[in-house]
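Participant: Chains as they are written, first to last, in my numbering: chain C, 1 to 108; chain A, 1001 to 1195.
Cβ coordinates follow ideal geometry from the N, Cα and C atoms, glycine included.
Input: one structure, supplied below.
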Amino acid sequence: MEPTSATMPIPVDWYLYLSAVLFLIGAVGVLTRRNLFIILFSIELMMNAVNLNLVGFSRFHEDMLGHNFVLFTMAIAAAEAAVGLAIAVALFRNRQTLMVDLFTRMKG
Amino acid sequence: MVEKILFVIFAVLTIIGGLGTVTRRNIVHGLLFLVFTFLNVAAIFFLSQAYFLAVVQILVYAGAIMVLFVFVIMFLNLRTFQQQEQTHRRQRWVALGLAVLVLVEFVAIFAGMTFTSARAGFSPDMVEQSGGFTRVFAWSLFERTLLPLEVASAVLLVAMVGAILLVKKEKGGDVATQAWDPEEAPPANVRDEEV
């Protein structure tokens, strides 16, 4: 469906489709890969998909609040990457592997 | 029209980069594909008149976060990654089927939606009046979202301290190695090949 906006060159639903595809690629990556690093990469992909949506709608509504939220998403992504990589280092010291299905100590 | 064509090109490249990220067996190749994806997303930000965010995307995502990843991969001194099946074989088809199903749902929902906005994108007049995109961005950031901004800085500080604590070695030898239980060890051949 075409948005009502006349001057916006890129239809806002294109952003929706792109970010849906990118988000699902990330979700499939998290679900199927065994390597902890690839799982962290996939989480970053999903965050980028969300950012695309925020930027697209921010332009559509002519409101900068979406851009501000993208900045916060980036800050949280940086924090998440730092803590995630620290956990990866600690796990690798403990178990000499990064394959997530080999971390079974907590298995009930 | 030109913007639409460029958007499609960068969108296709973004998706190719994303697919490369989750399918590569070698994590360094996956990382390079991820940087490629980030750069294409930055290009789409440029097309969407989010100039400041595009630059931040390149500096912070493709720059700082990726350097962090590369540093940790180097720090862990991982051996070769070839020859080893790195996916959950049984889970793979279920995950793919679910993803396609969700995508179909998304498309069905989006196709039935009409988006209306009182305004129509950033007009050149509006930008000129307000003194540029970055100025509007900064005004919005410090006027409307000042408290979240401060909270984000605190979150970054906590994450930094937490990361340092997690990576720090304990005093008196490597406690982590002592806690290692041989019964839990993966088979030797698995350990050697896949890490």
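#1: Can you check whether the C-beta of Q1129/A is within less than 7 Å of a C-beta belonging to chain C?
#2: State buried or exposed for R33/C, treating a residue as buried only when at least 16 other CB atoms are found within 10 Å of its CB.
#3: Starting from P1148/A, follow the alpha helix (DSSP H) in both directions and report where the run begins and ends.
#4: Counting only Cβ pairs nearer than 8 Å, list the residues of chain C close to E1003/A.
#5: Is the beta carbon of T1145/A less than 7 Å from the beta carbon of N68/C?
#6: Are the C-beta atoms of Q1083/A and some chain C residue less than 7 Å apart?
#7: If the cut is a Cβ gap below 8 Å, which residues of chain A does M106/C touch?
#8: When you check each C-beta in the segment 71 to 87 of chain C against every C-beta of chain A, which residues fall closer than 8 Å?
#9: Please look up how many angstroms separate the CB atoms of V55/C and S1048/A, rounded, as I've assumed it's under 8 Å.
#10: If contacts are defined as beta-carbon pairs under 8 Å, then V1167/A and V89/C qualify, I think. What distance do you get, rounded to the angstrom?
#11: Write down the C-beta distance between F60/C and F1106/A rounded to the nearest angstrom, noting that I regard them as a contact closer than 8 Å.
#12: Of the residues that make up the segment 26 to 58 of chain C, which ones have a beta carbon closer than 8 Å to any beta carbon in chain A?
#13: Should A1111/A go down as buried or exposed, given a rule of 16 or more other Cβ atoms within 10 Å for buried?
#14: By DSSP, does M74/C sit in helix, in strand, or in coil?
#15: Identify the contact partners of M1160/A in chain E, using a Cβ-Cβ distance below 7 Å as the criterion.
#16: Quick check on A1154/A: buried or exposed, where buried means 16 or more other Cβ atoms within 10 Å of its Cβ?
#17: Use the C-beta contact count for F1081/A: other C-beta atoms within 10 angstroms, 16 or more gives buried, fewer gives exposed.
#18: Does chain C have any CB closer than 7 Å to the CB of T1145/A?
#19: Answer with yes or no whether the minimum CB distance from F103/C to chain A is below 7 Å.
#20: List, in chain order, every chain C residue whose beta-carbon is nearer than 7 Å to that of F1106/A.
#21: A75/C and I1065/A look like a contact to me (Cβ under 8 Å); what is the Cβ gap, rounded to whole Å?
Facilitator: So, from the listed chains and residues:
#1: Proximity of Q1129/A to chain C, defined by a Cβ-Cβ separation below 7 Å, is not satisfied.
#2: Per the 10 Å Cβ criterion, buried.
#3: According to the DSSP assignment, P1148/A belongs to the alpha helix (DSSP H) that extends over L1146 to V1167.
#4: Against E1003/A, the close residues of chain C are P9 and I10, in the order they occur along the chain (beta-carbon pairs closer than 8 Å).
#5: For T1145/A and N68/C, yes; Cβs fall inside 7 Å.
#6: Residue confidence for Q1083/A is low, a pLDDT of 46 falling below 50, so the modelled location carries little weight and cannot support an answer.
#7: Close to M106/C, with beta-carbon spacing below 8 Å, lies no residue of chain A; the smallest spacing is near 11 Å.
#8: Answer in chain order: L71, F72, M74, A75, I76, A77, A78, A79, E80, A81, A82, V83, L85, A86 and I87.
#9: For a cut-off of 8 Å, the C-beta gap from V55/C to S1048/A is around 5 Å, short enough to register as a contact.
#10: Rounded, the Cβ-Cβ distance is 5 Å, consistent with contact.
#11: About 18 Å separates the two Cβ atoms, so there is no contact after all.
#12: Taking 8 Å as the Cβ-Cβ cut-off against chain A, the residues of the segment 26 to 58 of chain C that qualify are G26, A27, V28, G29, L31, T32, R33, R34, N35, F37, I38, L40, F41, S42, E44, L45, N48, N51, L52, V55, G56 and S58.
#13: Here A1111/A is exposed: its Cβ has fewer than 16 other Cβ atoms, across all protein chains shown, within 10 Å.
#14: Secondary structure of M74/C (DSSP, three-state): helix.
#15: This model lacks chain E altogether, as its protein chains are C and A.
#16: With fewer than 16 other Cβ atoms within 10 Å, it is exposed.
#17: The pLDDT assigned to F1081/A is 49, lower than 50, so where the model puts this residue is not dependable; a value taken from the coordinates is nonetheless given after this. The residue in question, F1081/A, is buried, as its Cβ has 16 or more Cβ neighbours within 10 Å.
#18: T1145/A counts as touching chain C.
#19: With 7 Å as the cut-off, F103/C does not count as an interface residue toward chain A.
#20: Listed by position along chain C, the residues whose Cβ is nearer than 7 Å to that of F1106/A are A20.
#21: Your pair A75/C and I1065/A does not check out as a contact, with CB atoms roughly 11 Å apart and the cut at 8 Å.
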